[in-house]
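Colleague: Chains as they are written, first to last, in the working numbering: chain P, 725 to 944; chain A, 725 to 944.
Idealized CB from N, CA, C, for every residue including glycine.
Number of protein chains: 2
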Amino acid sequence: MPESAHVTEEKTLSESNPFPDSIPERLRAQWNFLIEVDKLKTVLRQSPLAAVERRENDAEHSWHLALMVPVLAEYADEPIDIGRTIQLVVVHDLIEIYAGDTPLYDAEAGRDQEARERAAADRLFPLLPDDQATHFRELWDEFEQRRTPEARFAKAMDRLQPFLLNWMARGGTWQAPGVTADDVRRRKSVIGDASGALWEAASELIAEGERRGWMRPGQG
Amino acid sequence: MPESAHVTEEKTLSESNPFPDSIPERLRAQWNFLIEVDKLKTVLRQSPLAAVERRENDAEHSWHLALMVPVLAEYADEPIDIGRTIQLVVVHDLIEIYAGDTPLYDAEAGRDQEARERAAADRLFPLLPDDQATHFRELWDEFEQRRTPEARFAKAMDRLQPFLLNWMARGGTWQAPGVTADDVRRRKSVIGDASGALWEAASELIAEGERRGWMRPGQG
Numbered sequence: 725m726p727e728s729a730h731v732t733e734e735k736t737l738s739e740s741n742p743f744p745d746s747i748p749e750r751l752r753a754q755w756n757f758l759i760e761v762d763k764l765k766t767v768l769r770q771s772p773l774a775a776v777e778r779r780e781n782d783a784e785h786s787w788h789l790a791l792m793v794p795v796l797a798e799y800a801d802e803p804i805d806i807g808r809t810i811q812l813v814v815v816h817d818l819i820e821i822y823a824g825d826t827p828l829y830d831a832e833a834g835r836d837q838e839a840r841e842r843a844a845a846d847r848l849f850p851l852l853p854d855d856q857a858t859h860f861r862e863l864w865d866e867f868e869q870r871r872t873p874e875a876r877f878a879k880a881m882d883r884l885q886p887f888l889l890n891w892m893a894r895g896g897t898w899q900a901p902g903v904t905a906d907d908v909r910r911r912k913s914v915i916g917d918a919s920g921a922l923w924e925a926a927s928e929l930i931a932e933g934e935r936r937g938w939m940r941p942g943q944g
Numbered sequence: 725m726p727e728s729a730h731v732t733e734e735k736t737l738s739e740s741n742p743f744p745d746s747i748p749e750r751l752r753a754q755w756n757f758l759i760e761v762d763k764l765k766t767v768l769r770q771s772p773l774a775a776v777e778r779r780e781n782d783a784e785h786s787w788h789l790a791l792m793v794p795v796l797a798e799y800a801d802e803p804i805d806i807g808r809t810i811q812l813v814v815v816h817d818l819i820e821i822y823a824g825d826t827p828l829y830d831a832e833a834g835r836d837q838e839a840r841e842r843a844a845a846d847r848l849f850p851l852l853p854d855d856q857a858t859h860f861r862e863l864w865d866e867f868e869q870r871r872t873p874e875a876r877f878a879k880a881m882d883r884l885q886p887f888l889l890n891w892m893a894r895g896g897t898w899q900a901p902g903v904t905a906d907d908v909r910r911r912k913s914v915i916g917d918a919s920g921a922l923w924e925a926a927s928e929l930i931a932e933g934e935r936r937g938w939m940r941p942g943q944g
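1. According to DSSP, simplified to helix, strand and coil, what is N781 of chain P?
2. Let me know the secondary structure DSSP gives Q869 of chain A once reduced to three states.
3. Does the segment 793-801 of chain P come within contact of the segment 872-892 of chain P, defined as at least 3 CB pairs closer than 8 Å?
4. Determine the direct distance from the alpha carbon of M939 of chain A to that of P803 of chain P, and round the result to whole angstroms.
5. Going by alpha carbons, who is nearest to I806 of chain A out of A:L789, A:A921, A:D817?
6. Under 8 Å, CB to CB, which of the residues in the segment 779-805 of chain A have a partner in chain P?
7. R750 of chain A and P873 of chain A: beta carbons closer than 8 Å?
8. Is it a yes or a no for the segment 763-774 of chain P touching the segment 756-771 of chain A, going by three-plus beta-carbon pairs under 8 Å?
9. Would you tell me roughly how many angstroms separate the C-alpha atoms of E841 of chain P and D782 of chain P, rounded to the nearest one?
10. Rounded to the nearest angstrom, how far is the Cβ of I819 of chain P from that of A844 of chain P, given a contact under 8 Å?
11. Could you give the uninterrupted runs of the alpha helix (DSSP H) lying entirely in the segment 841-869 of chain A, keeping only those of 4 residues or more?
12. Can you pull out the residues from the segment 753-772 of chain P whose beta carbon lies closer than 8 Å to at least one beta carbon of chain A?
13. Measuring CB to CB, does I759 of chain A end up less than 8 Å from L888 of chain P?
14. Kindly identify the DSSP beta-bridge partner or partners of T904 of chain A.
15. Is there a C-beta anywhere in chain A that falls below 8 Å from the one on E739 of chain P?
16. Measuring CB atoms only, is the segment 892-904 of chain P touching the segment 848-868 of chain P, in the sense that at least three cross pairs come out at less than 8 Å?
17. Could you confirm whether any beta carbon from chain P is found closer than 8 Å to the beta carbon of L848 of chain A?
18. What residue does the beta strand (DSSP E) around L768 of chain P start on, and which one ends it?
19. Output the boundary residues of the alpha helix (DSSP H) element that contains Q899 of chain A.
20. Looking only at C-alpha atoms, which of P:S913, P:E924, P:G895, P:G920 sits nearest to R935 of chain P?
21. Using three-state DSSP, classify F757 of chain A as helix, strand or coil.
22. Going by beta carbon distance, what residues of the same chain come within less than 8 Å of E866 of chain A, once the five residues before and after it are set aside?
23. If we call anything under 8 Å between Cβ atoms a contact, is A878 of chain A one with H816 of chain A?
24. Under 6 Å Cβ to Cβ from M725 of chain P, same chain only, skipping five residues before and after it: list those, please.
25. Between the Cα of T831 of chain A and the Cα atoms of A:A926, A:R911, A:V814, which residue gives the shortest distance?
26. Relative to the C-alpha of I915 of chain P, which candidate in P:G933, P:A931, P:D801 has its C-alpha closest?
27. Check whether the Cβ of E928 of chain A lies closer than 8 Å to any Cβ atom in chain P.
28. Hey, I930 of chain A and A905 of chain A are a contact pair by Cβ (cut 8 Å); roughly how many whole angstroms apart?
29. Assuming the contact rule is C-beta atoms closer than 8 Å, W787 of chain A and S738 of chain P should be a hit. Round their C-beta distance to whole Å, please.
30. Note down, in chain order, all residues in the segment 854-881 of chain A with a beta-carbon under 7 Å from any beta-carbon belonging to chain P.
31. Taking the CB atoms as reference points, tell me whether D917 of chain A and Y829 of chain A lie closer together than 8 Å.
32. Mind pulling the alpha helix (DSSP H) runs of 4 or more residues that sit fully within the segment 908-939 of chain A?
33. Quick check: the Cα distance between T858 of chain P and V761 of chain A, rounded to an integer number of angstroms?
34. Residues of chain P with a CB under 8 Å from the CB of R894 of chain A: which are they?
35. Suppose contacts are defined by Cβ-Cβ distances below 8 Å. Is L848 of chain A in contact with I821 of chain A by that definition?
36. So with CB distances below 8 Å, who are the chain A contacts of E932 of chain P?
See the structure below:
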């Protein structure tokens, strides 16, 4: 089965109400892309909001990370370019408008995640003019591959944010079936690839969450 | 009446479930702030989403602007620092967690908007450690005062984004009571302070929207 078979083929949003031909072609492509990504606001994550009782969507999550970067950048173990790191988090979940959200503790959905997401990227970014399609695809690849200090810090934020929301929910997805404190520790340890201080603090929260019974106990 | 009387005094979100004392004090203040701003996801705007039938919230809107900045930066009439401009849009609506959203075409709510928003800023940013409280307040002031090319471009994105959503909705808030094409033109002309090309394209859309009856005709 070709990878693209994972991705539902449907019209882009702006095809239902195209921008007029009087708009220059390049700008029209950019606006079409910017309208298409409106779908990110409809992709639900598992994380519970702290402010009201409902699940978070990907656009809200991405904004939250974009604010966390400048607030927490001082804890990065390697120097990071804040503006570039924010761009990585703003872009990192875009492919989920076609590939959907893959819950962190869902091993089954995790199996074909990479193929689904790559097919989604192949479909989404080419909506942009060629030079920008390449540029934004590179940003997404950089995030995924964690090759740079910026990408490692962006990934750390991506793991830390739902972690703080789970604390506020006194459990949240920590209480997904079969998940133990050891699983949480293992999945969250990438925070330590970017920041020893943040990983130490996160480890404190895991230990405290375990003590309070907000996640199933681990072995240590 | 003191300005602060406009702002409801209530507990911060994290006070309901404080982070443990084992987390260093500075980091705890930063996490408390990052949890408090979760409220931005509950502040509804007037704009209709393009992807589904519901109104947009401020966090979704802020994320959308953060993506528009790098996609449309090439149209800025003055050179802009993309990373800094994104920081401005990520921060620009934070004060609405206390001050609420003020619809663009609501003259009455517009009257005390500045005082309400300043009081909200005085309450929100000091949740952060002093140095960061000052830094993020300055970012917000910069956006509001449009003193820099980055702030002018950020403001242009803030006006352009709901404008594109209104196009997709074949009217949206353009159809608010009493609003004419001239009002839209007047309110959107700040786009031209940052980009002649984007203002020209927006003017084309206004003219086309007027022709199609999606807004009340203006005088020209």
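Modeller: Short version:
1. Here the question's residue 781 of chain P lines up with position 57 in the first sequence. If DSSP states are grouped into helix, strand and coil, N781 of chain P belongs with the strands.
2. Your numbering for residue 869 of chain A matches position 145 in the second sequence. Note: Q869 of chain A maps to helix in three-state DSSP.
3. yes
4. Locating residue 803 of chain P in the first sequence gives position 79, counting from the first residue. Locating residue 939 of chain A in the second sequence gives position 215, counting from the first residue. Distance between the alpha carbons of P803 of chain P and M939 of chain A: 50 Å.
5. Residue mapping note: residue 806 of chain A aligns to position 82 of the second sequence, counting from 1. The shortest C-alpha separation from I806 of chain A is found at A:L789.
6. E780, N781, A783, E784, S786, W787, H788, A790, L791, M792, P794, V795, L796, Y799, D805
7. Numbered from 1 along the second sequence, position 26 holds the residue referred to as residue 750 of chain A. Numbered from 1 along the second sequence, position 149 holds the residue referred to as residue 873 of chain A. No, the Cβ-Cβ distance between R750 of chain A and P873 of chain A is not below 8 Å.
8. As far as the Cβ criterion goes, the segment 763-774 of chain P touches the segment 756-771 of chain A, which means the pair count is three or higher.
9. Residue mapping note: residue 841 of chain P aligns to position 117 of the first sequence, counting from 1. Residue mapping note: residue 782 of chain P aligns to position 58 of the first sequence, counting from 1. Roughly 15 Å between the two C-alpha positions.
10. By 1-based counting over the first sequence, the position of residue 819 of chain P is 95. By 1-based counting over the first sequence, the position of residue 844 of chain P is 120. Their Cβ separation, rounded to whole angstroms, is 4 Å, which keeps I819 of chain P and A844 of chain P in contact under 8 Å.
11. Runs of the alpha helix (DSSP H) inside the segment 841-869 of chain A: 854-869.
12. Q754, W755, F757, L758, I759, V761, D762, K763, L764, K765, T766
13. Position 35 of the second sequence, counted from the start, is the residue given in the question as residue 759 of chain A. Position 164 of the first sequence, counted from the start, is the residue given in the question as residue 888 of chain P. Yes; because the gap between Cβ atoms is below 8 Å, this pair is in contact.
14. Within the second sequence, the letter at position 180 stands for residue 904 of chain A. BP columns for T904 of chain A point to A:R940.
15. As a working mapping, residue 739 of chain P is identified with position 15 in the first sequence. With 8 Å as the cut-off, E739 of chain P does not count as an interface residue toward chain A.
16. no
17. One-based indexing of the second sequence puts residue 848 of chain A at position 124. Not closer than 8 Å to any Cβ of chain P, the Cβ of L848 of chain A fails to qualify, so no.
18. Taking the first sequence and counting its residues from 1, the one referred to as residue 768 of chain P is at position 44. Its beta strand (DSSP E) spans residues 768-772.
19. Position 175 of the second sequence holds residue 899 of chain A. Here Q899 of chain A belongs to no alpha helix (DSSP H), and DSSP marks it neither H nor E.
20. Here residue 935 of chain P corresponds to residue number 211 of the first sequence, with the count starting at 1. Among P:S913, P:E924, P:G895, P:G920, the Cα nearest to that of R935 of chain P belongs to P:G895.
21. Here residue 757 of chain A refers to the residue found at position 33 of the second sequence. Of the three classes helix, strand and coil, the one that applies to F757 of chain A here is helix, per DSSP.
22. Counting from 1 along the second sequence, the entry for residue 866 of chain A is found at position 142. So the list reads L812, T872, E874, A875, once near-sequence residues are dropped.
23. Against the second sequence, residue 878 of chain A aligns to sequence position 154. Against the second sequence, residue 816 of chain A aligns to sequence position 92. Going by C-beta atoms, A878 of chain A is nearer than 8 Å to H816 of chain A.
24. Locating residue 725 of chain P in the first sequence gives position 1, where the first residue counts as 1. Note that M725 of chain P scores 36 on pLDDT, short of 50, meaning its location in the model is unreliable and no value can be drawn from it.
25. The count along the second sequence starts at 1 and reaches residue 831 of chain A at position 107. Residue 831 of chain A is actually Ala in this sequence, not Thr. That would be A:R911, whose Cα lies nearest to the Cα of A831 of chain A.
26. By 1-based counting over the first sequence, the position of residue 915 of chain P is 191. Ranking P:G933, P:A931, P:D801 by Cα distance to I915 of chain P puts P:D801 first.
27. Taking the first residue of the second sequence as 1, we reach residue 928 of chain A at position 204. Judged by the 8 Å Cβ criterion, E928 of chain A is in contact with chain P.
28. Numbered from 1 along the second sequence, position 206 holds the residue referred to as residue 930 of chain A. Numbered from 1 along the second sequence, position 181 holds the residue referred to as residue 905 of chain A. I930 of chain A to A905 of chain A, Cβ: 6 Å. Contact.
29. Locating residue 787 of chain A in the second sequence gives position 63, where the first residue counts as 1. Locating residue 738 of chain P in the first sequence gives position 14, where the first residue counts as 1. Wrong, their Cβ atoms sit about 19 Å apart, outside the cutoff.
30. Within the segment 854-881 of chain A, the residues whose Cβ lies closer than 7 Å to some Cβ of chain P are Q856, listed in chain order.
31. Taking the first residue of the second sequence as position 1, residue 917 of chain A is located at position 193. Taking the first residue of the second sequence as position 1, residue 829 of chain A is located at position 105. Result no, Cβ atoms of D917 of chain A and Y829 of chain A do not sit closer than 8 Å.
32. 915-918, 920-935
33. Within the first sequence, numbered from 1, the residue matching residue 858 of chain P stands at position 134. Within the second sequence, numbered from 1, the residue matching residue 761 of chain A stands at position 37. In this model, T858 of chain P and V761 of chain A are separated by some 33 Å (Cα to Cα).
34. Along the second sequence, read from residue 1 onward, the residue named residue 894 of chain A stands at position 170. The contacting residues are N741.
35. Residue mapping note: residue 848 of chain A aligns to position 124 of the second sequence, counting from 1. Residue mapping note: residue 821 of chain A aligns to position 97 of the second sequence, counting from 1. Result yes, Cβ atoms of L848 of chain A and I821 of chain A sit closer than 8 Å.
36. To locate residue 932 of chain P, count along the first sequence from 1; it is residue 208. Correct list: P744, S746.
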